[in-house]
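Adding 1 to a residue's 1-based position in the sequence shown gives its number in my numbering. The beta carbon of each residue, even a glycine, is placed where N, CA and C say it ideally should be. Shown next, in structure tokens, is the structure this report addresses.
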Amino acid sequence: MPIAYARLEFVKRSAGKNACGKAAYNSRSRIEFEGTRWQEPRTYNFSNREPPVHHEVLLPEGADPKLQSPQTLWNHAEQKEGRRNSQSALEMVIALPDDKVISLEDKIHLARTFIQEHFVKHGLGVQLDIHPPDKKVAFSKEIGEHETADHNWHAHALVTTRRFKGKELDTHKARDLMSVQEAFWKQPEIVQLLDPKTQKPLGKFTTQEIIQEEKQIIRLADRLIAQPARKLSSPSETFSSKLTIEQKQAFQAILQGKKLALLEGYAGTGKSYLLTALKQAYESEGHHVRGFGPDSATSQVLQEKGFSKAENVYRFLFSLQNGSRTIQKNEVWILDEAGKLGSRPLLELLKKAYKHGAQVILSGNSAQMSSVERGVGFHFFSQKYGAHHLENIQRQKEETQREIAQKLAHGEMSAALDSICKLGNLKWTPTKENAIETLVKAWAQNNLTNPNEKTLSCGDQIEFRKNDSELGVTNELEAILVKAIEKKFTVQTQEGRHITFDPRTYQSFQLGYATTYYRSQGRTVDRAYVLHSTLMNKEML
Numbered sequence: 002m003p004i005a006y007a008r009l010e011f012v013k014r015s016a017g018k019n020a021c022g023k024a025a026y027n028s029r030s031r032i033e034f035e036g037t038r039w040q041e042p043r044t045y046n047f048s049n050r051e052p053p054v055h056h057e058v059l060l061p062e063g064a065d066p067k068l069q070s071p072q073t074l075w076n077h078a079e080q081k082e083g084r085r086n087s088q089s090a091l092e093m094v095i096a097l098p099d100d101k102v103i104s105l106e107d108k109i110h111l112a113r114t115f116i117q118e119h120f121v122k123h124g125l126g127v128q129l130d131i132h133p134p135d136k137k138v139a140f141s142k143e144i145g146e147h148e149t150a151d152h153n154w155h156a157h158a159l160v161t162t163r164r165f166k167g168k169e170l171d172t173h174k175a176r177d178l179m180s181v182q183e184a185f186w187k188q189p190e191i192v193q194l195l196d197p198k199t200q201k202p203l204g205k206f207t208t209q210e211i212i213q214e215e216k217q218i219i220r221l222a223d224r225l226i227a228q229p230a231r232k233l234s235s236p237s238e239t240f241s242s243k244l245t246i247e248q249k250q251a252f253q254a255i256l257q258g259k260k261l262a263l264l265e266g267y268a269g270t271g272k273s274y275l276l277t278a279l280k281q282a283y284e285s286e287g288h289h290v291r292g293f294g295p296d297s298a299t300s301q302v303l304q305e306k307g308f309s310k311a312e313n314v315y316r317f318l319f320s321l322q323n324g325s326r327t328i329q330k331n332e333v334w335i336l337d338e339a340g341k342l343g344s345r346p347l348l349e350l351l352k353k354a355y356k357h358g359a360q361v362i363l364s365g366n367s368a369q370m371s372s373v374e375r376g377v378g379f380h381f382f383s384q385k386y387g388a389h390h391l392e393n394i395q396r397q398k399e400e401t402q403r404e405i406a407q408k409l410a411h412g413e414m415s416a417a418l419d420s421i422c423k424l425g426n427l428k429w430t431p432t433k434e435n436a437i438e439t440l441v442k443a444w445a446q447n448n449l450t451n452p453n454e455k456t457l458s459c460g461d462q463i464e465f466r467k468n469d470s471e472l473g474v475t476n477e478l479e480a481i482l483v484k485a486i487e488k489k490f491t492v493q494t495q496e497g498r499h500i501t502f503d504p505r506t507y508q509s510f511q512l513g514y515a516t517t518y519y520r521s522q523g524r525t526v527d528r529a530y531v532l533h534s535t536l537m538n539k540e541m542l
């Protein structure tokens with residue numbers, strides 16, 4: 002997080018938010034929201050997350066001491082707002098310096114002084130929470146396990162939108178707070194985005210730094226796309242003999258194309274199968290092929306498809322930076338699920354590829370989930386340069402299921418859901434509670450007597466949640482429990498590797514039957530239980 006970074010936004014009821022939820026999240030605590038005319042009472046509980054390194058409520062002189070409690074303060078603030086679309090708080094996120102010579106006490110002093118001067122001094126109440134950098138582990142058998150920080154020390158300042166009048170909040174809004182927001186948007190670093198056709202404001206913004214980063218990505222991609230692909234002396238039919246007609250067409254086009262190639266395909270069209278054939282063809286003539294995923298789960302899937310040394314692209318870039326990777330001449334780099342890779346790692350990958358003369362093949366589906374980080378490079382490249390497309394879905398073995406998958410891929414949601422209903426696979430219940438109950442009963446007949454205990458038996462699928470170099474496991478690796486005694490679990494991974502560990506010392510694992518949609522993208526499963534929600538979108542289907 003750049004030291005000049007700040008984010009300013011109102012907590013809006015119109016967006017389904019309220020001050021109690023925001024306060025609980027920032028402080029990693031439990032807050033009982035008493036409800037308003039427009040929002041139902043509910044409990045916000047984030048106490049299971051890592052707490053802030055500093056938390057306090059700052060009030061102007063004369064305010065009721067009871068309002069030092071975040072629960073009391075923000076319920077009071079919510080009760081003061083009478084409209085459906087009220088703004089009950091203002092949140093500012095401020096970057097703090099990440100420097101060893103600046104202690105935690107210094108960071109607290111900086112944040113507190115800023116808040117006192119700009120808010121509390123003017124009669125406003127503020128909840129201050131300071132968060133440390135997020136810890137990320139980069140795992141590699143070659144370099145061991147490393148913990149790195151994002152250097153994003155930051156403070157959350159949740160500010161009342163009304164001044165204190167005596168002990169309580171005033172009946173009138175502090176309208177001059179808008180000047181703070183206006184000053185923020187007038188910063189020269191912030192750029193208003195315009196509609197490319199009408200040139201009208203889109204209501205979206207970026208920064209000069211991000212624009213320069215994206216221009217650099219395009220320049221590198223232009224240079225790669227201008228160079229011919231690495232030619233093979235005699236592309237053998239051996240490697241494409243089992244491919245479908247459209248897969249063979251894409252196979253030949255990539256081999257005879259450019260140094261940057263794009264492969265677009267619906268889920269289940271055999272992209273990984275085609276990538277494996279490309280790998281074998283290049284390796285047959287002595288080229289070193291690397292397989293990458295935007296996360297450990299994707300690289301694990303690639304390993305199962307024949308890329309035995311596939312790795313997380315972040316780990317690869319980290320290793321390059323630390324000198325524990327060497328790049329050979331005429332390498333070929335294949336990145337699967339490329340749509341999930343953000344701009345920053347994509348830029349670094351293209352830099353290294355251009356510098357070392359590597360050929361890059363990006364594979365994915367623009368219609369699926371995009372990256373968590375900013376950037377939709379794969380989608381942009383597909384539109385700008387064109388991609389080789391796979392449309393015939395192969396994954397589903399039954400014709401009816403293939404037809405449903407094809408309809409979903411083409412956006413024919415209504416027709417697809419009708420077909421699912423006819424098969425009896427879409428269950429209707431009177432209430433959401435009934436739906437949850439039906440779903441859980443379908444998944445398991447037994448109930449967990451203690452939610453804090455893990456109940457496992459041989460044959461259960463588990464998912465590791467933390468990298469461990471000694472065990473040789475990575476975050477999101479899945480395995481089947483094959484033997485269990487009090488102090489020793491033995492599991493078998495999908496590629497047949499056996500791992501033994503002590504569940505008392507390594508506890509970062511869970512039952513692998515439930516996961517997020519984002520983490521599961523790219524996997525093939527025999528059976529899935531899905532609870533419909535209004536938050537589901539076309540990418541999830």
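In the structure shown, N313 falls within a strand segment according to DSSP collapsed to helix, strand and coil. With contacts defined by Cβ atoms closer than 8 Å, I218 and I362 do not form a contacting pair.
Assignment of W186 by DSSP, reduced to helix, strand and coil, places it in the helix class.
In the DSSP secondary-structure assignment, L263 is bridged to L363. Its chain contains L482 as the residues whose beta carbon lies nearer than 6 Å to that of D461, once the 5 sequence neighbours on both sides are disregarded; these appear in chain order. Between E434 and S367, the C-beta spacing is not below 8 Å. When the beta-carbon positions are compared, E51 and L129 stay at least 8 Å from each other. A184 and R84 have their C-alpha atoms roughly 27 Å apart.
Under the criterion of beta carbons closer than 8 Å, Q395 and G307 do not qualify as touching, at roughly 17 Å.
Assignment of I437 by DSSP, reduced to helix, strand and coil, places it in the helix class. A distance of 8 Å or more separates the beta carbons of K168 and A20. A residue is called buried once 16 or more other Cβ atoms fall within 10 Å of its Cβ, and Q209, having fewer, is exposed.
In the DSSP secondary-structure assignment, G294 is bridged to N313. Residue state for D107 is assigned as helix, using DSSP reduced to three classes. Taking a contact to require three or more Cβ pairs closer than 8 Å, the stretch 241–254 and the stretch 347–356 do not qualify as touching. Segment contact: the stretch 212–229 against the stretch 330–337, fewer than three CB-CB distances shorter than 8 Å; contact not assigned. Here A368 carries a coil assignment [DSSP, helix/strand/coil]. When C-alpha distances from A222 are compared across E496, E413, Q88, L348, the shortest belongs to L348. Under the rule that a run must span 4 or more residues, the alpha helix (DSSP H) segments found entirely inside the stretch 51–81 read 71–81. K484 is not a Cβ neighbour of R505, given a cutoff of 8 Å.
Cβ neighbours of K442 within its own chain (closer than 7 Å, five residues either side excluded): none.
Every alpha helix (DSSP H) of 4 residues or more that sits fully in the stretch 386–432 is shown, in chain order, as 400–410, 414–423. By the neighbour-count criterion, in which 16 or more other beta carbons inside 10 Å mark a residue as buried, A24 falls on the buried side. Around the CB of Q88, 16 or more other CB atoms lie within 10 Å, so the residue is classed as buried.
Inside the stretch 191–274, DSSP marks whole beta strand (DSSP E) runs of 3 or more residues at positions 191–195, 202–208, 261–266, from first to last along the chain. Secondary structure at T299: helix, using DSSP grouped into helix, strand and coil. By alpha-carbon distance to Q301, the top candidate from R498, A90, F502 is R498. Note on geometry: alpha-carbon atoms of E33 and N46 lie some 8 Å from one another. Between the alpha carbons of P346 and N313 lies a distance of about 11 Å.
Y355: member of the alpha helix (DSSP H) spanning 344–357, first to last residue. Around R43, the same chain offers F34 as residues with beta carbons nearer than 6 Å, after the five sequence neighbours per side are excluded. Scanning its chain for C-beta atoms nearer than 7 Å, with the 5 sequence neighbours on each side dropped, one finds around H390 the residues E265, G266, in chain order.
With a threshold of 16 other beta carbon atoms within 10 Å, Q248 meets it and is buried. The C-alpha of L159 lies about 46 Å from the C-alpha of F490. If you draw a straight line from the Cα of W429 to the Cα of K408, it is about 21 Å long.
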